[in-house]
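Numbering (the numbering used here), first residue to last: 78 to 240.
Listed below in structure tokens is the structure:
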């Protein structure tokens, strides 16, 4: 039994160190656009939530989705820290580690949609606001007038509309 004493003392020491480190585990994640920052503890519980200036511009549904997605990313980080702390104590590939990993479900981390691109200006004909203007003919689509045929080209009258 004395041969196990140093080994048991080492395990106790690692466990005490792990316990102390676990008290200070937290993870913080920020949404890609900076609108939301979430901090969670070892258990993945939300400890702090901050909103950046972009949050003021977001619709409520989009802001709620950003909060959840950001908190889930922070929870995944906290779970990684937890397993990293516990691996030296219980063994990286041990049954105890497998059990621990089963108790910490991997949160679904949805990809946050990219912010929408700014709308491109569209120009419409004043007569029809719903449809784009018809294509215009090329600049030089008419044959160049023959100066000798001025009267024929302009229908026998002045091109200014005066006769």
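Even glycine gets a Cβ: it sits at the ideal position worked out from N, Cα and C.
I think residue i touches residue j, with their Cβ atoms under 8 Å apart; what is that distance to the nearest whole Å?
i           : j           : result
residue 120 : residue 154 : Going by Cβ atoms, the distance from residue 120 to residue 154 rounds to 13 Å, so no, they are not a contact pair.
residue 95  : residue 174 : The Cβ separation is near 12 Å, so there is no contact.
residue 158 : residue 104 : 6 Å
Measure the C-alpha to C-alpha separation of residue i and residue j and round it to an integer number of angstroms.
i           : j           : result
residue 178 : residue 152 : 14 Å
residue 112 : residue 132 : 5 Å
residue 181 : residue 84  : 28 Å
residue 145 : residue 139 : 10 Å
residue 127 : residue 98  : 25 Å
residue 82  : residue 116 : 40 Å
residue 241 : residue 93  : Residue 241 cannot be examined here, being either before or after the span of the chain that is shown, 78 to 240.
residue 170 : residue 134 : 47 Å
residue 100 : residue 176 : 21 Å
Cα-Cα, which of the options is closest to residue i?
i           : options               : result
residue 129 : 168, 100, 143 and 171 : 143
residue 109 : 180, 117 and 148      : 148
residue 102 : 113, 86, 91 and 124   : 124
residue 167 : 134, 83 and 91        : 91
residue 118 : 156, 171, 172 and 170 : 156
residue 150 : 161, 134 and 122      : 122
residue 114 : 141, 136, 100 and 88  : 141
residue 88  : 165, 171, 160 and 169 : 165
Tell me whether residue i sits in a helix, a strand or coil according to DSSP, three-state version.
i           : result
residue 97  : helix
residue 103 : strand
residue 178 : helix
residue 87  : helix
residue 122 : coil
residue 112 : coil
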